[in-house]
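Participant:
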Amino acid sequence: MGAPRHRRQRWRREIDESKVDMGLIAPVSQEAIDLSLYAAVLDGDHQGIRDLAFMKPDANMRVYGKLGEPEGTLLHFAVRHGTLKTVIALLQLGADPLLKDSDGAIPREVAAQKATGSRMRTVLELWEKRKNPRLISSGEKAADGGDDGEAEQVRRRA
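Numbering-wise (the working numbering), the sequence shown opens with residue -18 and increments by one.
Written out as structure tokens, the structure is:
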């Protein structure tokens, strides 16, 4: 049967860290790790984002979007151009859904501007509530009824 998945991941991480400590592999710079995260977000690679979690990238780094877009966090960029899975992966990595972009908008407000942003908005509202329970009253429900399985999983965790 084998060890549970979380134990295997921890063991793998400990082995990788010990290889660095013993000088078997060179440590990777924080800048390279953050750049890898940025590339994964640009590609919409939600699994790549999750794979980088053990390297502790800066999930709240500020980036410029496409021409004419305000400067914001990776989460702002993912909301504008990514998929729901990419947004959820960033949130699980520790991206703060309450940080504002250079126009003063939080990611949920950016999602509200998208025609297809209702599910993202629901997920972001739930993560905001998780981050700051006083921000959204417990009885408040999302304005849209459209949820998929991932949004429901996030709702149960919150």
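Just so it is clear, CB atoms sit at the ideal spot from N, CA and C, and this is done for glycine as well.
#1: Looking only at its own chain, which residues have a Cβ that is under 8 Å from the Cβ of E52, when we skip the five neighbours before and after it?
#2: Which two residues bound the contiguous alpha helix (DSSP H) that contains E90?
#3: Do V68 and L79 have their beta-carbon atoms positioned less than 8 Å apart in this structure?
#4: Using the beta-carbon count (16 or more within 10 Å), is L65 buried or exposed?
#5: Tell me the residue span of the alpha helix (DSSP H) that contains T67.
#6: How is T54 classed by DSSP in three states: helix, strand or coil?
#7: Do V60 and V22 count as a contact pair if the criterion is CB distance below 8 Å?
#8: Should A20 be labelled buried (16 or more other beta-carbon atoms within 10 Å of its own) or exposed?
#9: Hey, out of S17, H27, D24, whose CA is closest to K37's CA?
#10: Could you check which residue in K110, D39, Q28, D32 has the C-alpha nearest to that of A76?
#11: Between R111, F58, L74, which lies nearest to I87 when the distance is taken from Cα to Cα?
#12: Rounded to whole angstroms, what's the CA-CA distance from K95 to A70? Just pull it up for me.
#13: Buried or exposed: where does R89 fall if 16 or more other Cβ atoms within 10 Å of its Cβ makes it buried?
#14: Tell me the rounded alpha-carbon separation between G195 and T54.
#15: To the nearest angstrom, how far is it from the Cα of A93 to the Cα of S99?
Facilitator: Quick look at the numbers:
#1: Correct list, in chain order: R43, V44, Y45, G46, D82, S83.
#2: E90: member of the alpha helix (DSSP H) spanning 88 to 94, first to last residue.
#3: Contact: no.
#4: Buried is the call here.
#5: 65 to 74 is the span of the alpha helix (DSSP H), which, as asked, contains T67.
#6: Correct three-state label for T54: strand.
#7: In this structure, V22 keeps its C-beta atom at 8 Å or more from the C-beta atom of V60.
#8: By the 10 Å Cβ count, A20 comes out exposed.
#9: Here the closest residue by C-alpha is S17.
#10: The shortest C-alpha separation from A76 is found at D39.
#11: Of the residues R111, F58, L74, the one whose Cα lies closest to the Cα of I87 is F58.
#12: Here the alpha carbons of A70 and K95 stand approximately 19 Å from one another.
#13: With 16 or more other Cβ atoms within 10 Å, it is buried.
#14: Residue 195 lies beyond the residue range present for the chain, which begins at -18 and ends at 139; the question has no answer from this structure.
#15: Roughly 7 Å separates the two Cα atoms.
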